[in-house]
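Heads up, the sequence shown is in full-length UniProt numbering, so the first residue is 1 and it goes up one at a time. Structure, as structure tokens:
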Amino acid sequence: MLTKATRALFIVSTTGEGDAPDMATGFRRATMVSPLTLRGLAYGVLALGDRDYEDFCAFGHDLERWLHASGASPLFDLVEVDNGDEGALRHWQHHVAQLSGVKTQPDWSRPAYQPWRLLERRLLNPGSVGGPCFHLALAPEDAAPLNWQAGDIVEIGPRPANGEAATLPHREYSIASLPSDGALHLVVRQMRAEDGTLGLGSGWLTEYAAVGGTIDVRVRRNENFHAPIDDRPVLFIGNGTGIAGLRALIKARMAQAHMRNWLVFGERHAEADRLHVDELLQWQQTGGIERIDLVWSRQSRGSRYVQDRLRAVADDVRRYVADGASVYVCGSLAGMAPGVDAALRHILGDTRVDELAAAGRYRRDVY
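Pasting the structure below:
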């Protein structure tokens, strides 16, 4: 069946010492002993486990490695669920909703929101042919201490434009700042359906919510995208609003005096779609970033996308990884993420990329 499928979602648990559950034991022994040919399959894995056990989500990770080895492509990164964690389950639901196109399904569970005040909303790309992108700043209404790490996610509870008190499904965004900045920063692109209707989350944040008003917010840990704790180099790759998560990670690295940072970032036009690029270039001038490669898809004669740029500087990528670099990717699930994965596998080889992922040196926050 898998060899004929084009898309599959796996929900798997782990038992014993990293073993497959009883009903999957036969599949593991008969099918997972060697790779299949699954190059036409796109998949997602929800791994259920308990961090109190040493082999947390082990079968889920084994299954994903086997799918990789069989040539299948991930729709999104494996989602780990620790002992029924509701935030992780909502994250899985968010991915499935994106794939299915169903935008209004009820949440798995309603997040425990807190009221935060919208301090600032600023257009980042005036004159762009793409959707408007906004920088937003929020702070808790009760002046509670700010507490998150670079790489964490914020869950937003949008409200109807007509002011009704209806419950709408949450939306997730990468945090673009550190607590030391004094506010939680977001980079949000305003999305519209074909009929012109604004997206639930982006419409609420960029159009309907009043500056000075309150927004329902919950910060969720995203350990799989936290910055490395040592000073080895990091290759950051992203596009569009993916600059948010990368900006926070680079800030965190700079705060620890870890300056070996290389950014490859793509957008449409160099003039109109700079987002936070000028700030990043200033950080490069002061030594916080070793190298920045910018790619403008609507005006580049050579590399149009970040994956093209990676292939063009393949030798540099190999040297950086050989020097101990981790690879962090943030941005579009469609196009960019699979394109970057394919480029890295072309440059480094499947085995090396899989080794990086297993060692926690290849991490993604894609949506």
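A virtual CB, placed ideally from N, CA and C, is assigned to each residue, including glycine.
When beta bridges are read from the DSSP output, VAL217 appears opposite GLN114 and ILE156.
Here GLY151 is actually not in contact with HIS91; their C-beta atoms are around 13 angstroms apart, not less than 8 angstroms. Closest in alpha carbon position to VAL264, among LEU249, ILE229, ALA270 and TYR305, is TYR305. Listed as beta-bridge partners of GLU172 by DSSP are GLU155.
Annotated as proximal: ALA47 and VAL81, with beta-carbon spacing under 8 angstroms.
Residue range 350 to 358 is occupied by the alpha helix (DSSP H) that includes ALA357. Taking C-alpha positions only, ILE229 is separated from HIS135 by approximately 28 angstroms. In the same chain as GLU17, and ignoring 5 residues on each side of it, the C-beta atoms closer than 6 angstroms to its own belong to ASP55, in chain order.
The continuous alpha helix (DSSP H) containing HIS91 extends over residues 86 to 100.
Spatial neighbours of LEU280 in its own chain (CB-CB distance under 7 angstroms, excluding positions within 5 residues in sequence) are listed in chain order as LEU263, ILE289 and ILE292.
For the segment 205 to 283, the full-length beta strand (DSSP E) segments reaching 3 residues or more read 214 to 220, 234 to 239 and 261 to 267 along the chain. Within a 10 Å sphere around the beta-carbon of THR6 sit fewer than 16 other beta-carbons, which makes this residue exposed.
As the crow flies, the alpha-carbon of GLY266 is around 21 angstroms from that of VAL321. Closest option to GLN284, judged by alpha-carbon separation, among VAL219, MET254, ASN125 and THR25: MET254. Listed as beta-bridge partners of HIS185 by DSSP are ALA137. In the displayed model, TRP148 falls within coil according to three-state DSSP, outside both helix and strand. DSSP places TYR362 in the uninterrupted beta strand (DSSP E) bounded by 362 to 366. Within 10 angstroms of the beta-carbon of SER326 lie 16 or more other beta-carbons, which makes it buried. A residue is called buried once 16 or more other Cβ atoms fall within 10 Å of its Cβ, and SER180, having fewer, is exposed.
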